[in-house]
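Take any residue in the sequence shown, note its place counting from 1, add 1437, and you have its number in the working numbering. Using N, Cα and C, we set each Cβ at its ideal position, and we do this for glycine too.
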Amino acid sequence: MPLVSPPNFAPARARRPTSLVFAVALGLQLLGACRSYSDRTARALSDFESGRFEAAREQFADPDVTDSSFLSGAEAGMSALAAGSWEQAQVHFDAAAAAVVRHEERALLGAEAVGEELTTLLINEGVAAYPGEGYERAQLHAALALTYLARGNLDGVYVETRRANKLLEGDEKLYDKKYAAGGFAHFMSAVSYELQRRFDEAYIDYARMAEKGVGVELAGKALVRIAKRLRYDDALDGLVAAHGDAATPPPDAAQVVVIAGLGLGPYKEEQTVALPAPGGLVQFSVPVFVARPQAISALTLQVDDGAPLTTSVIENVASVARENLADRMAWLALRSALRAGIKYGLTRVGSEMARDKNNTAAGIAVLAAGALFTAATERADTRSWLTLPDTWHAARLFVSPGEHEIALGAAGGGLARLGRVRLGPGETVFVLARTLGNSVHAHLIGGERLDLPAPTPPPSSSPGSDDSTPKLSP
C-alpha cells in the first residue's frame, strides 16, 4: 500500500483565512474528544467492581458513556454475566458482535485484508469506531459461548467457540506466531461435547489445549480419561507419561464443573515520545497495557466433606492482551509516523512563513494550528474492554449421584456454602463465578436445589441482592 505524502501547503497569500479557522476548529474538536475511555467509564467500572452489576450494566449500555457500540455491548454484557443474567448478557454480547461483524469478516479473510485496514487511518485511532483488539473479539465469542452454556444451548456453545478460535487463528497468521490462548473456548467446547457423550470430539479440544499449553492440568487428565474410555491404546502410554494417570470415574458418576473469571485485566495508558526537529516537533504516541493488582489467585471448590479442589488457569487474558498489543505495535508506529510527518510539515511551513515579514501573522496562525493539531490528534487510543477478567479458571470434580453440599471460596481463604443439590446419574452442575477484589460472585446451575430458591436474575431495584448470587469475603 503506498505511503501517504504530506499535503502540498500553498503559500500564505494563496491560502484563505477560513482554512486556518477550519484547522483550529478541527483541532479543538479533537481535543474535546481526548477525555480517556477510562475517565468516561470510571463510575460504571466502580459499580462493577463493587458488585452493583445492574447499575454498571445500565451505564455501560449508554452510548454516551462508552462512545463505542462494541465496548457498550461487551462491558454491559460482562456486567450482566457477573450478575447471572444470562439472557440479558447474551443480548448485549450479540450487539457487540454485530457492531464489529465487518472487522471479523475481514479478519477471517486473511492477514492481507487486516493489514490493509491497520494502515488506513491517518488522523487518530481514538476518533474512529473502536472494533476491539483481536484478542477482545475472540473473548467476546467465548463469553457468548458461556451464556449459551448457562442456558443449556450446546449448539450455541459450538458456534461461538469455533468463531473465537478462528479469530484467534487469524491473528496468529497475521503476526506469524502462536498465542497461549483459546483455552477458555476449548474447555467449554470440550465439556459440552462430553455432556452429549461425543468423547472423540471432546478429545480433540483437550488435545488443542495441551498443544497450546493452556489449561494443561485439566486437559491432560481429561485426555488420559477419554483415551481409556475410547481405547486409544497407542496414545495412552504417552499421555500418562506426560500428564500422569487419571482415575476412570464410575459410569453413573455426576460432576461439578467450575468456570470462573478472576480479577480485572490490564488497562491501556498512553506512552508518548516527543522529538525536537528543525522548526517543529515530531510526536509519537502508542498505547501500553498496565497490569492491575489481583487479590485472589485461585478459587477452591469443596463438595461435602471432601478435600478442597483448587481451580487451574485455562486462559491468561492479561498475558494475551499484552502480547497481542505488542504484535500490533509495528502497525501503530507506522500510522503514528505517517501522521507525524503530515503535522511536522504543517509546522515547518508555518515557521518559514513567520520569518517572512509580509506573512508573520499568517505564519504564527499556521504554527498555532499545527501545534494544536499535533496535540489533539497524536494521541494513543487507550480504549479497551475493561471488565474482562485477568484470568479464566476452571475445575472439575466427579461425584456419586445423590445429595451434595457445594462450597466455594478463595484459595487460602474461607469457603462459603452455595447450596445443597441433588444430582442424578451422569448429571452435571455448573458453578459460574467472578471475583472482584476480595469478593466472589457465584451462580449454581443445574441439579435439584434442595435448600435455596431457584436462581433468578437480580432485580433492577436492588442490584446484587439476589440470594443466588453469594458474595464471599474470605
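Rounded separation between Leu1764 and Tyr1612 - CA only: As a first step, residue 1764 is located in the sequence shown; it is residue number 327 there, counting from the start. As a first step, residue 1612 is located in the sequence shown; it is residue number 175 there, counting from the start. Note that residue 1764 is Asp in the sequence shown, not Leu. For Asp1764 and Tyr1612, the distance between alpha carbons rounds to 6 Å.
Short Cβ contact (7 Å threshold) for Tyr1640 with Ile1663: Within the sequence shown, the letter at position 203 stands for residue 1640. Within the sequence shown, the letter at position 226 stands for residue 1663. Yes, the pair counts as a contact, with Cβ atoms nearer than the cut-off.
Cβ contact (3+ pairs, closer than 8 Å) linking the segment 1699-1708 and the segment 1725-1732: yes
Option in Arg1857, Ala1831, Glu1864 and Ser1837 with minimal Cα separation from Val1651: By 1-based counting over the sequence shown, the position of residue 1651 is 214. Out of Arg1857, Ala1831, Glu1864 and Ser1837, Ala1831 has the C-alpha closest to the C-alpha of Val1651.
Inter-stretch contact at 8 Å, needing at least 3 Cβ pairs: the segment 1841-1850 / the segment 1671-1678: no
Straight-line gap, Tyr1585 to Gln1527 (C-alpha atoms, nearest Å): Along the sequence shown, read from residue 1 onward, the residue named residue 1585 stands at position 148. Along the sequence shown, read from residue 1 onward, the residue named residue 1527 stands at position 90. In a straight line, the C-alpha of Tyr1585 is about 8 Å away from that of Gln1527.
Complete runs of the beta strand (DSSP E) confined to the segment 1820-1847 [at least 3 residues]: 1828-1836 and 1839-1847
Own chain partners of Leu1508 with C-beta closer than 7 Å, once the 5 adjacent residues on each side are dropped: For this step, residue 1508 is matched to residue 71 along the sequence shown. Within the same chain, Leu1508 has close Cβ partners Tyr1567, Arg1820 and Trp1822.
Expected contact under 8 Å - CB spacing of Ala1492 and Gly1514 to nearest Å: On the sequence shown, position 55 is the one that residue 1492 refers to. On the sequence shown, position 77 is the one that residue 1514 refers to. Contact doesn't hold; Cβ gap of about 15 Å is too wide.
Phe1835 to Leu1655 span [Cα, whole Å]: In the sequence shown, residue 1835 corresponds to position 398, counting from 1. In the sequence shown, residue 1655 corresponds to position 218, counting from 1. Cα to Cα, Phe1835 sits roughly 13 Å from Leu1655.
Exposed unless 16 or more other CB atoms sit within 10 angstroms - verdict on Leu1736: Position 299 of the sequence shown holds residue 1736. The residue in question, Leu1736, is buried, as its Cβ has 16 or more Cβ neighbours within 10 Å.
Coil, strand or helix - Ala1618 by DSSP: Working through the sequence shown from its first residue, we reach residue 1618 at position 181. If DSSP states are grouped into helix, strand and coil, Ala1618 belongs with coil.
Among Gln1525, Asp1592 and Gly1874, nearest to Ser1487 - alpha-carbon criterion: Translated into the one-based positions of the sequence shown, residue 1487 becomes position 50. Out of Gln1525, Asp1592 and Gly1874, Gly1874 has the C-alpha closest to the C-alpha of Ser1487.
N-terminal and C-terminal residue of the beta strand (DSSP E) that Gln1739 is part of: Sequence index remark: in the sequence shown, residue 1739 carries index 302 (1-based). Leu1736 to Val1740 is the extent of the beta strand (DSSP E) around Gln1739.
Inter-residue Cα distance where the pair is Ser1749 and Ala1627: By 1-based counting over the sequence shown, the position of residue 1749 is 312. By 1-based counting over the sequence shown, the position of residue 1627 is 190. So the alpha carbons of these two residues sit roughly 16 Å apart.
Backbone CA spacing between Leu1660 and Glu1648 [nearest angstrom]: As a working note, residue 1660 is residue 223 in the sequence shown. As a working note, residue 1648 is residue 211 in the sequence shown. About 12 Å.
Distance, Arg1666 Cα to Thr1824 Cα: On the sequence shown, position 387 is the one that residue 1824 refers to. On the sequence shown, position 229 is the one that residue 1666 refers to. If you take the alpha carbons of Thr1824 and Arg1666, they lie about 40 Å apart.
Any chain C beta carbon closer than 7 Å to Leu1845: Of the chains in the structure shown, none is chain C; there is only one protein chain.
Alpha-carbon spacing of Leu1887 relative to Glu1609, whole angstroms: In the sequence shown, the residue the question calls residue 1887 occupies position 450. In the sequence shown, the residue the question calls residue 1609 occupies position 172. So the alpha carbons of these two residues sit roughly 47 Å apart.
6 Å Cβ shell around Glu1864 - same chain, five flanking residues per side excluded: For the purposes of this step, residue 1864 is taken as residue 427 along the sequence shown, with counting starting at 1. Around Glu1864: Ala1691.
Ala1579 vs Ala1622 beta-carbon contact at 7 Å: Residue mapping note: residue 1579 aligns to position 142 of the sequence shown, counting from 1. Residue mapping note: residue 1622 aligns to position 185 of the sequence shown, counting from 1. Taking 7 Å as the Cβ cut-off, Ala1579 and Ala1622 qualify as a contacting pair.
Close Cβ partners of Asp1741 (< 7 Å) along its chain, the five nearest in sequence each way excluded: Counting from one through the sequence shown, the residue named residue 1741 turns up at place 304. Within the same chain, Asp1741 has close Cβ partners His1841 and Glu1842.
Buried versus exposed call for Thr1503 [16 or more other C-beta atoms within 10 Å across all chains shown]: As a working note, residue 1503 is residue 66 in the sequence shown. Per the 10 Å Cβ criterion, buried.
Where Asp1827 falls, given that 16 or more other Cβ within 10 Å makes a residue buried: Reading the sequence shown from its first residue, position 390 is the one you call residue 1827. Buried is the call here.
First through last residue of the alpha helix (DSSP H) which encompasses Ser1509: For this step, residue 1509 is matched to residue 72 along the sequence shown. Segment Ser1506 to Ala1520, the alpha helix (DSSP H) holding Ser1509.
CB of Leu1699 within 7 Å of CB of Ile1733, strictly: By 1-based counting over the sequence shown, the position of residue 1699 is 262. By 1-based counting over the sequence shown, the position of residue 1733 is 296. Taking 7 Å as the Cβ cut-off, Leu1699 and Ile1733 qualify as a contacting pair.
Asp1818 versus Arg1600, Glu1570, Lys1614 and Gly1510, residue with shortest Cα-Cα distance: Translated into positions along the sequence shown, residue 1818 becomes position 381. Of the listed residues, the one whose Cα sits closest to Asp1818 is Glu1570.
Leu1751 (DSSP reduced to helix, strand or coil): One-based indexing of the sequence shown puts residue 1751 at position 314. In the sequence on display, residue 1751 carries Ile and not Leu. Note: Ile1751 maps to strand in three-state DSSP.
Gly1861 burial status per 10 Å Cβ neighbour count (16 or more: buried): Here residue 1861 refers to the residue found at position 424 of the sequence shown. It counts as exposed.
Inter-residue CB distance, Ala1617 and Thr1598 (contact presumed, cutoff 8 Å): Indexing the sequence shown from 1 puts residue 1617 at position 180. Indexing the sequence shown from 1 puts residue 1598 at position 161. So it is not a contact: roughly 17 Å between Cβ atoms.
Residue burial classification, Ala1697 (beta-carbon count within 10 angstroms, cutoff 16): Numbered from its first residue, the sequence shown carries residue 1697 at position 260. Flag for Ala1697 reads buried.
Classification of Met1766 by the beta-carbon crowding that lies within 10 angstroms, buried from 16 upward: Numbered from its first residue, the sequence shown carries residue 1766 at position 329. Met1766 should be labelled exposed.
Minimum C-alpha distance to Arg1634 - residue among Gln1525, Pro1500 and Pro1688: For the purposes of this step, residue 1634 is taken as residue 197 along the sequence shown, with counting starting at 1. Checked all of Gln1525, Pro1500 and Pro1688; the closest Cα to Arg1634 is Pro1688.
Inter-residue Cα distance where the pair is Pro1895 and Ala1511: Here residue 1895 is taken as the residue at index 458 of the sequence shown, counted from 1. Here residue 1511 is taken as the residue at index 74 of the sequence shown, counted from 1. Here the model assigns Pro1895 a pLDDT of 38, short of 50, so the residue's position is not dependable, and the following value carries that caveat. Computed Cα separation, rounded: 19 Å.
Own chain partners of Ser1505 with C-beta closer than 6 Å, once the 5 adjacent residues on each side are dropped: In the sequence shown, counting from the first residue as 1, residue 1505 sits at position 68. Around Ser1505: Tyr1567.
Outcome for Glu1541 when other beta-carbon atoms lying within 10 angstroms are tallied against a minimum of 16: Looking up residue 1541 in the sequence shown gives position 104. Glu1541 comes out buried.
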